[in-house]
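Quick mapping for you: the protein sequence lines, in order, are chains G and Z. Offset between the first sequence (1-based) and our numbering: plus 549. Offset between the second sequence (1-based) and our numbering: plus 549. Here a beta-carbon is modelled for each residue, glycine too, at the ideal position from N, C-alpha and C. Fair warning: this is a prediction, and the values are worked out from it, not measured in the lab.
There are 2 protein chains.
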Amino acid sequence: MVDVARLANVAPITVSRALSHPSSVAPETLDKIHRVIKQLGYVPNGPAGSLKSQKTQLIAAVIPSINHLFLTAMVQGVSDFLSPMGYHLMLGTSGETLEGEEAIVRAFLSQRPRALLLHNTVHTAECVSLIRASGIPVIETGDLCEQPLDTAVGFSNFDAAYTLTRHLIDRGYEHIACVYARSPHNERTQTRIKAYRAAVNDAGLRSGPDLEIATDGDVASGAVVLRDLIDVRSKVDAAVFFGGNMALGAHLECQKMQVPIPGRIAIVAFEDTEIGAMLAPAITALRIPRYTIGREAARVALTRIGGGSPAGHVDVGFELCIRETS
Amino acid sequence: MVDVARLANVAPITVSRALSHPSSVAPETLDKIHRVIKQLGYVPNGPAGSLKSQKTQLIAAVIPSINHLFLTAMVQGVSDFLSPMGYHLMLGTSGETLEGEEAIVRAFLSQRPRALLLHNTVHTAECVSLIRASGIPVIETGDLCEQPLDTAVGFSNFDAAYTLTRHLIDRGYEHIACVYARSPHNERTQTRIKAYRAAVNDAGLRSGPDLEIATDGDVASGAVVLRDLIDVRSKVDAAVFFGGNMALGAHLECQKMQVPIPGRIAIVAFEDTEIGAMLAPAITALRIPRYTIGREAARVALTRIGGGSPAGHVDVGFELCIRETS
DNA sequence: CTGAAAGCGCTTACAG
DNA sequence: CTGAAAGCGCTTACAG
Numbered sequence: 550m551v552d553v554a555r556l557a558n559v560a561p562i563t564v565s566r567a568l569s570h571p572s573s574v575a576p577e578t579l580d581k582i583h584r585v586i587k588q589l590g591y592v593p594n595g596p597a598g599s600l601k602s603q604k605t606q607l608i609a610a611v612i613p614s615i616n617h618l619f620l621t622a623m624v625q626g627v628s629d630f631l632s633p634m635g636y637h638l639m640l641g642t643s644g645e646t647l648e649g650e651e652a653i654v655r656a657f658l659s660q661r662p663r664a665l666l667l668h669n670t671v672h673t674a675e676c677v678s679l680i681r682a683s684g685i686p687v688i689e690t691g692d693l694c695e696q697p698l699d700t701a702v703g704f705s706n707f708d709a710a711y712t713l714t715r716h717l718i719d720r721g722y723e724h725i726a727c728v729y730a731r732s733p734h735n736e737r738t739q740t741r742i743k744a745y746r747a748a749v750n751d752a753g754l755r756s757g758p759d760l761e762i763a764t765d766g767d768v769a770s771g772a773v774v775l776r777d778l779i780d781v782r783s784k785v786d787a788a789v790f791f792g793g794n795m796a797l798g799a800h801l802e803c804q805k806m807q808v809p810i811p812g813r814i815a816i817v818a819f820e821d822t823e824i825g826a827m828l829a830p831a832i833t834a835l836r837i838p839r840y841t842i843g844r845e846a847a848r849v850a851l852t853r854i855g856g857g858s859p860a861g862h863v864d865v866g867f868e869l870c871i872r873e874t875s
Numbered sequence: 550m551v552d553v554a555r556l557a558n559v560a561p562i563t564v565s566r567a568l569s570h571p572s573s574v575a576p577e578t579l580d581k582i583h584r585v586i587k588q589l590g591y592v593p594n595g596p597a598g599s600l601k602s603q604k605t606q607l608i609a610a611v612i613p614s615i616n617h618l619f620l621t622a623m624v625q626g627v628s629d630f631l632s633p634m635g636y637h638l639m640l641g642t643s644g645e646t647l648e649g650e651e652a653i654v655r656a657f658l659s660q661r662p663r664a665l666l667l668h669n670t671v672h673t674a675e676c677v678s679l680i681r682a683s684g685i686p687v688i689e690t691g692d693l694c695e696q697p698l699d700t701a702v703g704f705s706n707f708d709a710a711y712t713l714t715r716h717l718i719d720r721g722y723e724h725i726a727c728v729y730a731r732s733p734h735n736e737r738t739q740t741r742i743k744a745y746r747a748a749v750n751d752a753g754l755r756s757g758p759d760l761e762i763a764t765d766g767d768v769a770s771g772a773v774v775l776r777d778l779i780d781v782r783s784k785v786d787a788a789v790f791f792g793g794n795m796a797l798g799a800h801l802e803c804q805k806m807q808v809p810i811p812g813r814i815a816i817v818a819f820e821d822t823e824i825g826a827m828l829a830p831a832i833t834a835l836r837i838p839r840y841t842i843g844r845e846a847a848r849v850a851l852t853r854i855g856g857g858s859p860a861g862h863v864d865v866g867f868e869l870c871i872r873e874t875s
């Protein structure tokens, strides 16, 4: 910047202004400075500027895993909103554990991000106090929890899972199983299971451990579970899959076993997938506006940075897409 | 840091050393400092430290889109390798255009990342000169190009596409179409198409514009293309899909139309998917070690930061998984 | 093993 | 509209 200033015959502070508040610099001066910048290939040192202003251009986001289409749709929304506003996304994963989250939050906070996005609503006490001490806004996107640290953006996992289960009940199914991806620290899954139980019990139907099946979240696991439902737990006439990929595996297994859907067993998935909608029969699922969650989370974050007050929560809702498997 | 130093009765520089080079500090001093740090909830200011040392902890990665399972598997590999080493991932998207890449690279460079990962091997001249001027290592992961800026990590798109096409030829198919996602600036797709043509021509078969079909990359597009191949270009007896999701759509459409695979038409996909492998018949596809590409790219980046010389290129290879659709 | 001084490249706050 | 001075919170380089 000193070099630019010298060549442009101005003080360094004028170069700084030309970059940050161009309207306060005379047009000819601005022009001269920009020419010199181009000529020299000058790229401002962001961290140096941040030091005095105490304002970085970083937004930190922590998600359970990057390798997951539903999460990355959300991250895309975050990124698309932030980039044009001059902010940069720092992305990390918690590995789906509270300790992992705390570790990455601690590491990220030392970079002084302007806001923190967490796809999780349960945190270690230490993590909470770190965040509180940092003073930056936090947006939680995993679930619309009762008491967000600051602002929650998303949908209600309870309402969504209740709606999905209730749909099966309304269609007259009486022995409804729920299948979920094993993940001890995933509060969102726990919430969905509670909603499933509530819906079943509210309707006077039976719930029980034999109707709640933990497995891995992949396509192959869904296939294995489906076979078990047909061969062993043969009273089950409907299954709700809390994780879209498992439902795909169950669907494919039904075709292989020539088990009619929904004649022999109905299938519904928590998350809609392009493939699930194209299979025959097409899978009934919840459409969740993941991209919107990311975009709105980023929008709320920038509003909070700009001095806006916490929104409490922003509900993007969900939509039940009734198709052919129920 | 000054507060910590005062409470611990040491000079600030000793606190700095306790954090950065603990082995050069007396154990009792270290202990005392760590107690005060905990008591005060002190979190070091990373950007401030970076200013004097000229060393941030940031690694920047630019990918075409975040919302893509094949890319995010790679990013997961990058992230998993970087985090334990104390580096942070700054992630951005180019939107699949060279101008978008240049813009995000420029913005990222102002944050002074230690290395740059680009999932692309073609750049604007301005982008190249920006990168060169920055002096940081660049790892290109899109393709094993001839002349990487620094080091390329990945596989040869040409070899992979040639192998896939050659496989159909070896099986005796004679009218082979190729289907690709329209994306004018995607050099990787162009390379794959060239390889397809080379394989077909090398075998004395016919290539031509009527056998090369541009479409969108999603499942639905694959279905539309498949119907066109059966109804209109009815001589075609095999199709190679440069994009895994399109092949899934084509497969599902065959089932709906009761078109036998590979009896009436063979299908192969460039990228393997869990679903594709489970469909009946299972889709022949290339297994590409995406996660490994990310991990190795991160490893090479840190090696280069540490003073290692450019590796030229690191070939992770690919594997043809012959299944039932060919 | 510990410390005093200087400085990284910007921006703030004040002055004109 | 422009500038001189001070300082953000660390680390380097030197000294002991």
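Query	Result
C-beta atoms of E820(G) and L835(G) nearer than 8 Å	yes
Paired residues, beta bridge with E868(G) - DSSP	R836(G)
Environment of S632(Z) [buried if 16+ CB atoms lie within 10 Å]	buried
Unbroken alpha helix (DSSP H) run spanning M827(Z), endpoints	823-827
Cβ contact check for the segment 587-597 of chain Z and the segment 619-633 of chain Z: 3 or more pairs under 8 Å	no
Q696(Z), buried or exposed, once every other Cβ within 10 Å from all chains shown has been counted against 16	exposed
Close-in-space but distant-in-sequence residues of the same chain around I653(G) (CB under 8 Å, 5 per side omitted)	V611, G641, T642, S643
Any chain Z beta carbon closer than 8 Å to D552(G)	no
A787(G) beta carbon less than 8 Å from that of A799(G)	no
Contact set between V768(G) and chain Z, taken where Cβ atoms lie within less than 8 Å	E823, I824, M827
L600(G) versus S569(G): straight-line alpha-carbon distance, rounded	15 Å
Rounded separation between R720(G) and N735(Z) - CA only	48 Å
Exposure of G771(Z), with buried meaning 16 or more beta-carbon neighbours within 10 Å	buried
According to DSSP, residues forming a beta bridge with H862(G)	A701(G)
Validate contact between the segment 698-718 of chain G and the segment 857-869 of chain G using beta carbons, cut 8 Å, 3 pairs	yes
8 Å Cβ cutoff, L666(Z) in contact with chain G	no
Cβ-Cβ separation, T740(Z) to F707(Z) (assumed contact under 8 Å), whole Å	5 Å
Interface flag, G590(Z) vs chain G, CB-CB below 8 Å	yes
E577(Z) burial status per 10 Å Cβ neighbour count (16 or more: buried)	exposed
Beta-bridge partners of F790(G), as assigned by DSSP	V728(G), A818(G)
Nearest neighbour of P686(G), chosen from D692(G), C694(G), L666(G) [CA to CA]	L666(G)
Span of the beta strand (DSSP E) around L666(Z)	664-667
Range of the contiguous alpha helix (DSSP H) that encloses E650(G)	647-658
Per-residue contacts from H637(Z) into chain G (C-beta, under 8 Å)	M639, G641, A656, F657, Q660
Three-way DSSP call (helix, strand, coil) for M639(Z) in this model	strand
Expected contact under 8 Å - CB spacing of K805(Z) and A826(G) to nearest Å	Their Cβ separation, rounded to whole angstroms, is 13 Å, which puts K805(Z) and A826(G) out of contact at 8 Å.
Those residues which DSSP pairs with A609(G) across a bridge	M639(G), L665(G)
C-beta neighbour in chain G for Q616(Z), strict 8 Å	Before going further, note that residue 616(Z) is Asn rather than Gln in the sequence given. Answer yes: the Cβ-Cβ gap between N616(Z) and chain G drops below 8 Å somewhere.
CB contact check: T605(Z) to chain G, cutoff 8 Å	yes
Whole-angstrom C-beta distance between V553(Z) and V574(Z), which should lie under 8 Å	The pair is not a contact, with the Cβ atoms about 13 Å apart (cut-off 8 Å).
Cβ-Cβ distance between Y711(G) and A744(G) below 8 Å	yes
Chain Z within 8 Å of T621(G), Cβ atoms only	yes
8 Å Cβ cutoff, K805(G) in contact with chain Z	yes
Residue from V627(Z), R848(Z), P733(Z), V564(Z) whose Cα sits closest to the Cα of R647(Z)	The sequence shown places Leu at residue 647(Z), rather than the Arg named in the question. For L647(Z), the nearest C-alpha among the options comes from P733(Z).
Identified DSSP bridge partners for I688(G)	L666(G), T700(G)
DSSP beta-bridge partners of T764(Z)	A730(Z)
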